[in-house]
Amino acid sequence: MLHYLVILSYSGSHSYLDNETIIGYANNIGIQGAPSEDIFLLSIPFFNTIQVKDRVKPKLSISDKVIANNGIDIGFHLYFDHDQSNIELATMNITSADTEILKNLIITHKNYQITIDQNTKFVPIGTTNQSELKLYTTFYFTIYTNGMQIVDFTLNLSNLTEVKPSDQIKFVYSTKYIQGRPPTPNTNNDYFVDHLLRKYASICSIVQALLFISLVITIYNQMKSEFEHPSTHNEDFDLLMTSDKGWMLLHGDMFYAPQYHFLLANFVSHGMSCLITLISVTFYAYAFNKDHNSTRYIQAFIIAYVFSSIISGWFSSSLSILFSDKKWLRIVLSSVILPFTCYLMILLSINFFTNYSSPYSISLSTVTMLISFICFPCLFISTISGAISYKYNLQRNSFDTALVPHTIPPQPWYLSGFSGCIFITIFVCSSILPELFYLNNFIWLKKPCDSFAGLFISTLTSNIVAACASICFIYFRIHNENYHWQWISFAAPAAAMIPIFIYSLYFYLFKFEIRSYISATVFLTRSLLISLMFGLSYGGIGFISTKNFINFIFSNAKLD
82 MLHYLVILSY SGSHSYLDNE TIIGYANNIG IQGAPSEDIF LLSIPFFNTI
132 QVKDRVKPKL SISDKVIANN GIDIGFHLYF DHDQSNIELA TMNITSADTE
182 ILKNLIITHK NYQITIDQNT KFVPIGTTNQ SELKLYTTFY FTIYTNGMQI
232 VDFTLNLSNL TEVKPSDQIK FVYSTKYIQG RPPTPNTNND YFVDHLLRKY
282 ASICSIVQAL LFISLVITIY NQMKSEFEHP STHNEDFDLL MTSDKGWMLL
332 HGDMFYAPQY HFLLANFVSH GMSCLITLIS VTFYAYAFNK DHNSTRYIQA
382 FIIAYVFSSI ISGWFSSSLS ILFSDKKWLR IVLSSVILPF TCYLMILLSI
432 NFFTNYSSPY SISLSTVTML ISFICFPCLF ISTISGAISY KYNLQRNSFD
482 TALVPHTIPP QPWYLSGFSG CIFITIFVCS SILPELFYLN NFIWLKKPCD
532 SFAGLFISTL TSNIVAACAS ICFIYFRIHN ENYHWQWISF AAPAAAMIPI
582 FIYSLYFYLF KFEIRSYISA TVFLTRSLLI SLMFGLSYGG IGFISTKNFI
632 NFIFSNAKLD
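Counted the way this note's numbering counts, the sequence shown spans residues 82 to 641.
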C-alpha cells in the first residue's frame with residue numbers, strides 16, 4: 082500500500098534539474114473544445130515517417146490513459162533553462178497521399194496538440210484551399226518557469242510554406258525561457274469564471290443548507306419533546322394518542338429489515354464512499370492543485386476512492402448488523418465488486434464503440450489494469466474495516482420490533498415515493514446544477530476555471546440538503562403512520578442523478594459542436610459515471626442521516 086501511494090504521489094512531480102532534457106510531446110491531432118474528436122497521432126501515416134534520434138517513450142500512467150494523454154516524442158527535445166535557436170526537428174518527403182490527408186485535417190479544423198509537463202497547447206497545422214497546401218514549419222516555444230518548475234508555455238508558429246507532392250520540407254523549433262507567469266487576458270466575461278451569478282448560486286446553496294439544518298433541528302426537538310411529554314407529566318400514553326400523534330406507536334415497526342436489504346446495504350455503503358471521494362477531490366482541486374493539472378485530478382480521485390473503501394467496508398458491515406444479516410463478508414465484498422462491474426461495463430463500451438484512430442479507445446488491457454489497480458486495494462481495505470466493525474459491533478442499536486406490524490393507512494399523493502423523489506431532487510439539483518456548467522466547460526471545452534471553490538461548496542451543500550431533505554420527507558411520512566423509510570430515504574435523493582445526466586445531454590446537444598458516434602460514446606459514458614457518483618453519494622448520505630435521526634428518536638423507546 083505504501084508503494085502504491087509513492088507511485089501515485091511521484092507521478093505528478095514536475096521539478097527539473099539544470100539543463101535536463103524536457104520532451105515536448107505531440108499528444109494527438111484534434112479540435113480545441115472537442116476532445117472526444119481527437120485522432121491518435123500514429124494513426125496518420127505522415128507522422129509515422131518522422132525519424133527521431135534517441136526517442137523517449139513517455140511513462141504513461143493509468144491517469145494519462147484514462148484522459149487520453151497519449152504523448153508521442155516527435156523530436157522536441159528542450160533543455161531546461163537553456164535557450165535554443167533553429168534546431169532541426171525533421172526533414173520529410175511529402176507524398177500525394179500525405180497532402181490529401183493534411184488538407185482534410187486542416188479543413189476539419191484539426192490542430193497539433195503539444196504537451197510540456199502536462200500543459201497542452203493547440204496550434205494550427207497550416208492553411209489550405211482547393212489548389213494549394215501550406216504548412217507551418219517553424220515552432221517558437223516560450224517557457225515560463227518558477228524556480229526549477231515549469232509554470233506554463235506558449236507556442237507560436239511561422240514560416241507558412243507551400244508544399245506539393247514530392248517536395249521535401251524541413252521543420253525547426255526554437256526555445257526561450259522566462260521566469261514568471263505568462264500574461265493572461267481577463268476571461269471572466271467570456272467564460273463566466275468570476276460571474277456574479279456563480280457567487281449568488283453559491284450563496285443561495287449555503288443559505289438553503291442552513292435553512293434545512295435549522296428545520297431538521299426543529300423537527301428533532303419537537304419529536305423528542307412529544308416522546309418525553311407523557312413521562313414528564315405522568316400521563317397515560319394511550320390517552321395521548323390522537324390523529325396527529327399516532328406516529329409514536331410506530332416505534333416497534335421502524336426497525337424492520339426492508340426488502341432486498343442486501344442491495345440497499347451495497348448502494349448505501351458505496352454511496353458513502355462516493356461522498357468522501359467527491360468532497361476530497363473537489364477540496365483538493367480548490368485548495369492544492371493551483372495549476373489545474375488534469376492528471377493530478379485523476380490521481381487524487383484514485384487515492385481518495387481507494388481510501389474511502391474504509392468507509393464502504395465499515396458501513397457494509399454495520400448495515401448487515403442493522404438488518405440482522407450475519408453474512409457480513411458477502412455484503413462487504415459485493416459493495417466493491419458490484420460497482421466495479423458497472424464501471425467495467427461502461428469502460429468496455431468506450432472500447433467497443435471507438436476505434437484505433439481515437440485516443441479515447443481504451444484498450445482491454447488498460448481497462449483490466451485500471452479496474453485491478455483500484456479494485457484489489459479497495460477489496461483489501463474494505464474487508465479489514467468491515468471485519469473491525471463486525472467484531473466490535475460498532476453499529477449495535479438498542480431497539481425492539483413488534484411481532485405484528487401496524488397497518489399503514491392510505492397515503493396522500495404528496496407522500497408517495499415518486500413525489501418524494503421529485504421534491505428532494507428539486508432541492509438537491511438547485512445546489513449542484515449551476516456548477517455543472519463550469520465543470521463541463523472545464524472538462525470538455527478546456528475553458529479556464531480559476532477557482533474550484535464553487536464546486537466544492539456546491540458539492541458539500543448539496544449533500545447536506547440531500548440529508549436534511551430526506552429527514553424532512555420521512556418525518557411527514559412517519560406522521561402519516563408510514564414506517565417504510567429505508568428505500569425511500571436512499572432512492573429519493575439518489576434520483577438527483579437523473580436531472581444531472583439530463584443536463585449533460587443538454588450540454589452535449591447545445592454546447593458541443595461536434596456530432597459523431599465516438600464523441601457521443603465518450604461524452605455520455607463519462608457523464609453517466611459522474612451522474613452515478615453524485616447520485617449514489619446523495620442516496621448514501623440521505624439514508625445514513627435518516628437512519629441516525631430515527632435511531633435518536635425511536636431506539637430508546639420501550640415497546641409494550
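Using N, Cα and C, we set each Cβ at its ideal position, and we do this for glycine too.
Original post:
Do you know how far the Cα of LYS472 is from the Cα of SER398?
Top reply: Numbered from its first residue, the sequence shown carries residue 398 at position 317. Numbered from its first residue, the sequence shown carries residue 472 at position 391. In a straight line, the C-alpha of SER398 is about 10 angstroms away from that of LYS472.
Original post:
So which of ILE360, ILE392, ILE391 has the shortest CA-CA distance to TYR378?
Top reply: On the sequence shown, position 297 is the one that residue 378 refers to. It is ILE360 whose Cα lies nearest to the Cα of TYR378.
Subject >> Beta carbon of LYS112 nearer than 8 angstroms to that of HIS190 >> reply: Mapped onto the sequence shown, residue 112 falls at position 31. Mapped onto the sequence shown, residue 190 falls at position 109. With the sequence shown as reference, residue 112 is identified as Ile, and Lys is not the correct amino acid for it. In contact: ILE112 and HIS190 (Cβ atoms closer than 8 angstroms).
Original post:
If you pair each beta-carbon of the region 495 to 514 with each one of the region 573 to 584, do three or more pairs fall below 8 angstroms?
Top reply: yes
**OP:** Kindly confirm or deny that the region 160 to 171 and the region 200 to 210 touch, where touching means at least three C-beta pairs closer than 8 angstroms.
**Re:** no
Original post:
Sorted by chain position, which residues of the same chain lie with C-beta nearer than 8 angstroms to THR68's C-beta, five sequence neighbours on each side aside?
Top reply: This structure cannot settle anything about residue 68, because the visible part of the chain is limited to 82 through 641.
Original post:
Where do the ends of the alpha helix (DSSP H) carrying ASN185 lie?
Top reply: Indexing the sequence shown from 1 puts residue 185 at position 104. Run containing ASN185: 177 to 188, per the alpha helix (DSSP H) assignment.
**OP:** State the DSSP-derived secondary structure class of ASN521, mapped to helix, strand or coil.
**Re:** In the sequence shown, counting from the first residue as 1, residue 521 sits at position 440. ASN521: helix per DSSP, three-state reduction.
**OP:** Would you decide whether ASN544 is buried or exposed? Buried here means 16 or more other CB atoms lie within 10 Å of its CB.
**Re:** As a first step, residue 544 must be located in the sequence shown, where it is residue number 463. Its Cβ being crowded by 16 or more others within 10 Å, ASN544 is buried.
Original post:
Would you call the region 242 to 262 and the region 215 to 222 in contact, with 3 or more CB pairs under 8 angstroms?
Top reply: yes
Original post:
The beta strand (DSSP E) with ILE197 in it runs from where to where?
Top reply: On the sequence shown, position 116 is the one that residue 197 refers to. That run of the beta strand (DSSP E) goes 192 to 197.
Subject >> Where the beta strand (DSSP E) containing SER166 begins and where it ends >> reply: Taking the sequence shown and counting its residues from 1, the one referred to as residue 166 is at position 85. Segment 165 to 174, the beta strand (DSSP E) holding SER166.
Original post:
For ALA601, which option in PHE615, LEU586, MET614 has the closest C-alpha, if you only look at C-alpha atoms?
Top reply: Here the question's residue 601 lines up with position 520 in the sequence shown. That would be LEU586, whose Cα lies nearest to the Cα of ALA601.
Subject >> Expected contact under 8 angstroms - CB spacing of LEU413 and SER446 to nearest Å >> reply: Stepping through the sequence shown from its first residue, residue 413 is reached at position 332. Stepping through the sequence shown from its first residue, residue 446 is reached at position 365. Here residue 413 is Val; the residue named in the question, Leu, does not match the sequence. No, VAL413 and SER446 are not in contact; Cβ-Cβ is about 29 angstroms, not under 8 angstroms.
Original post:
Just checking my contact of LYS245 with THR209 at CB under 8 angstroms: how many whole Å lie between their CB atoms?
Top reply: Position 164 of the sequence shown, counted from the first residue, corresponds to residue 245. Position 128 of the sequence shown, counted from the first residue, corresponds to residue 209. At roughly 12 angstroms, the Cβ-Cβ gap does not stay under 8 angstroms, so LYS245 and THR209 are not in contact.
**OP:** Along the alpha helix (DSSP H) that carries ASN347, what are the first and last residues, could you check?
**Re:** If you number the sequence shown from 1, residue 347 lands on position 266. ASN347 -> alpha helix (DSSP H) spans 342 to 368.
Original post:
What separation, rounded to the nearest whole angstrom, lies between the Cα atoms of ASN347 and LEU613?
Top reply: Mapped onto the sequence shown, residue 347 falls at position 266. Mapped onto the sequence shown, residue 613 falls at position 532. In a straight line, the C-alpha of ASN347 is about 14 angstroms away from that of LEU613.
**OP:** Would you mind reading off the limits of the alpha helix (DSSP H) that contains GLN567?
**Re:** As a working mapping, residue 567 is identified with position 486 in the sequence shown. Unbroken alpha helix (DSSP H) run through GLN567: 567 to 575.
Original post:
How should MET335 be labelled, buried or exposed, when 16 other C-beta atoms within 10 angstroms of its C-beta is the threshold for buried?
Top reply: In the sequence shown, counting from the first residue as 1, residue 335 sits at position 254. Label assigned to MET335: buried.
Subject >> Nearest neighbour of THR643, chosen from ALA171, ILE287, SER405, GLN249 [CA to CA] >> reply: Here the chain has residues from 82 to 641 only, and residue 643 is not among them.
Original post:
From THR488 to HIS565, what does the alpha carbon distance come to, in whole angstroms?
Top reply: As a working note, residue 488 is residue 407 in the sequence shown. As a working note, residue 565 is residue 484 in the sequence shown. If I take the Cα positions, the gap works out to 11 angstroms.
Original post:
Taking the alpha-carbon positions, what's the TYR281 to ALA290 distance?
Top reply: Locating residue 281 in the sequence shown gives position 200, counting from the first residue. Locating residue 290 in the sequence shown gives position 209, counting from the first residue. Their Cα atoms are separated by approximately 14 angstroms.
Original post:
Closest to LEU400 by CA distance: which of TYR337, GLY207, ASN563, THR196 is it?
Top reply: In the sequence shown, the residue the question calls residue 400 occupies position 319. Taking only the C-alpha atoms, the option nearest LEU400 is TYR337.
**OP:** Quick one: using the 10 Å Cβ neighbour count with 16 as the cut-off for buried, is TYR341 buried or exposed?
**Re:** For the purposes of this step, residue 341 is taken as residue 260 along the sequence shown, with counting starting at 1. Answer is exposed; the Cβ neighbour count stays below 16.
**OP:** State buried or exposed for MET426, treating a residue as buried only when at least 16 other CB atoms are found within 10 Å of its CB.
**Re:** Stepping through the sequence shown from its first residue, residue 426 is reached at position 345. Classification of MET426: exposed, given that the 10 Å Cβ count is below 16.
Subject >> Neighbour-count burial assignment, PRO515, 16 or more Cβ in a 10 Å radius >> reply: Stepping through the sequence shown from its first residue, residue 515 is reached at position 434. Result: buried.
Original post:
What are the start and end residues of the alpha helix (DSSP H) that includes TYR564?
Top reply: Here residue 564 refers to the residue found at position 483 of the sequence shown. TYR564 -> no alpha helix (DSSP H), and no H or E assigned at all.
Original post:
What's the gap between the Cα of SER312 and the Cα of LEU345?
Top reply: Taking the first residue of the sequence shown as 1, we reach residue 312 at position 231. Taking the first residue of the sequence shown as 1, we reach residue 345 at position 264. Its pLDDT being 48, under 50, SER312 is placed unreliably by the model, and the measurement read from it follows with that caveat. Whole-angstrom Cα-Cα distance: 36 angstroms.
Subject >> Beta-bridge pairing of PHE220 - partner residues as DSSP gives them >> reply: Taking the sequence shown and counting its residues from 1, the one referred to as residue 220 is at position 139. Answer by DSSP bridge pairing, in chain order: LEU238, TYR254.
Original post:
If you count every other CB in all the chains shown that lies within 10 Å of the CB of PHE99, and 16 or more means buried, which is it?
Top reply: By 1-based counting over the sequence shown, the position of residue 99 is 18. Per the sequence presented here, residue 99 reads as Asp, with Phe not at that position. By the neighbour-count rule (16 or more Cβ atoms within 10 Å), ASP99 is not buried but exposed.
Original post:
Any idea what DSSP makes of TYR160, helix, strand or coil?
Top reply: The count along the sequence shown starts at 1 and reaches residue 160 at position 79. Correct three-state label for TYR160: strand.
**OP:** For LYS215, collect the residues of the same chain with a Cβ closer than 8 angstroms to its Cβ; drop the 5 residues on either side in sequence, then sort them by chain order.
**Re:** By one-based count along the sequence shown, residue 215 stands at place 134. Cβ neighbours of LYS215 beyond the five flanking positions: GLY207, THR208, THR209, LEU241, THR242, GLU243, VAL244.
Original post:
In the DSSP assignment, what are the bridge partners of ASN200?
Top reply: The count along the sequence shown starts at 1 and reaches residue 200 at position 119. DSSP, once it has assigned bridges, lists ILE197 as partnering ASN200.
**OP:** Identify which residue in ALA550, GLN492, HIS158 has its Cα closest to the Cα of LEU170.
**Re:** Sequence index remark: in the sequence shown, residue 170 carries index 89 (1-based). Of ALA550, GLN492, HIS158, the residue nearest in Cα terms is HIS158.
Subject >> From LYS628, SER124, TYR193, PHE388, residue whose alpha carbon lies closest to that of ILE559 >> reply: Within the sequence shown, residue 559 is the residue found at index 478, counting from 1. Among LYS628, SER124, TYR193, PHE388, the Cα nearest to that of ILE559 belongs to LYS628.
Original post:
Relative to the C-alpha of PRO420, which residue among ILE538, ILE231, ILE250, SER618 is closest?
Top reply: Counted from its first residue, the sequence shown places residue 420 at position 339. Comparing Cα positions, the closest option is SER618.
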